[in-house]
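These notes concern the structure reproduced below.
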Amino acid sequence: MSQVSKTEQVIKEMRQYLIDILILSEIGWTERGLEKFGDGHIMVYSGDSSMHQAGVGVIMSPSAHKAMARWNPVNERLMTVCFVTNQTKLTIIVCYAPTNEADDDEKDILYNMLQAVTKDVPSHGITCVVGDLNAKIGADHQYCPKVLGCHGIG
Numbered sequence: 089m090s091q092v093s094k095t096e097q098v099i100k101e102m103r104q105y106l107i108d109i110l111i112l113s114e115i116g117w118t119e120r121g122l123e124k125f126g127d128g129h130i131m132v133y134s135g136d137s138s139m140h141q142a143g144v145g146v147i148m149s150p151s152a153h154k155a156m157a158r159w160n161p162v163n164e165r166l167m168t169v170c171f172v173t174n175q176t177k178l179t180i181i182v183c184y185a186p187t188n189e190a191d192d193d194e195k196d197i198l199y200n201m202l203q204a205v206t207k208d209v210p211s212h213g214i215t216c217v218v219g220d221l222n223a224k225i226g227a228d229h230q231y232c233p234k235v236l237g238c239h240g241i242g
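Residue numbers for the sequence shown, in the numbering used here: 89 to 242.
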């Protein structure tokens with residue numbers, strides 16, 4: 089996702105499959121911002137200021153963008169986007185977790201921040217935590233037998 093042309097290809101797929109909100113992780117974009125595309129789609133993103141690593145983003149259709157009330161780029165691994173409609177309020181927490189091989193302190197920092205962000209979300213409305221939480225999948229459940237089941241595929 090490090091190139092705008094790739095983003096435009098993703099938007100084309102969103103239109104084809106009638107997707108209004110698409111969550112992205114590990115986009116590799118630097119800084120934080122809002123990018124507008126010619127057809128009215130909007131991308132809000134939060135990345136690292138110095139490296140093309142990590143990064144989270146949300147691409148939304150023009151109608152979803154109209155419902156967006158606010159967004160908060162917490163850091164290169166966390167972001168919140170709030171939508172308000174006639175029926176409900178929706179808060180999406182986008183997360184990109186470090187891998188299991190990462191330093192324990194790095195993982196603890198992320199999950200503590202995720203907990204703090206979650207606490208700040210109003211209790212009314214709908215809250216979704218989405219993204220790449222680096223879950224392990226596959227049939228090799230011996231890796232962590234108390235956590236992984238034996239019914240995975242891959």
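Using N, Cα and C, we set each Cβ at its ideal position, and we do this for glycine too.
Coil, strand or helix - residue i by DSSP
| i | result |
| --- | --- |
| S113 | strand |
| Y105 | coil |
| T176 | coil |
Cβ shell of residue i (< 8 Å), same chain only, five flanking positions each side left out
| i | result |
| --- | --- |
| P186 | R165, E194, K195, L198, N222 |
| G128 | S149, P150, H153 |
| V243 | In the structure as shown, the chain starts at 89 and stops at 242, and residue 243 therefore has no counterpart that could be examined. |
| P210 | K177, T179 |
| G213 | T176, K177, L178, T179 |
| V218 | I111, I180, I181, V182, C183 |
| T95 | M89, E123, F125, M131, I147 |
Unbroken beta strand (DSSP E) run spanning residue i, endpoints
| i | result |
| --- | --- |
| M209 | Residue identity differs from the one stated: residue 209 is Val in this sequence, not Met. Premise fails: V209 is in no beta strand (DSSP E) and is neither H nor E. |
| D191 | Where D191 is concerned, there is no enclosing beta strand (DSSP E), given that its DSSP letter is neither H nor E. |
| T215 | 214–220 |
Contact set for residue i: own chain, Cβ-Cβ below 7 Å, skip 5 residues either direction
| i | result |
| --- | --- |
| E114 | A142, G143, Y184, D220 |
| N160 | M167, T168 |
| G121 | Y133 |
Own chain residues within Cβ distance below 6 Å of residue i, not counting five before or after
| i | result |
| --- | --- |
| C170 | A157, R158, T179 |
| H215 | In the sequence as displayed, the identity of residue 215 is Thr instead of His. Answer for T215: T179, V209, listed in chain order. |
Segments assigned alpha helix (DSSP H), at least 4 residues, entirely inside the segment 122–167: Taking only runs of at least 4 residues, the alpha helix (DSSP H) segments lying wholly in the segment 122–167 are 150–155.
At least 3 beta-carbon pairs within less than 8 Å: the segment 146–156 vs the segment 102–109: Touching, yes.
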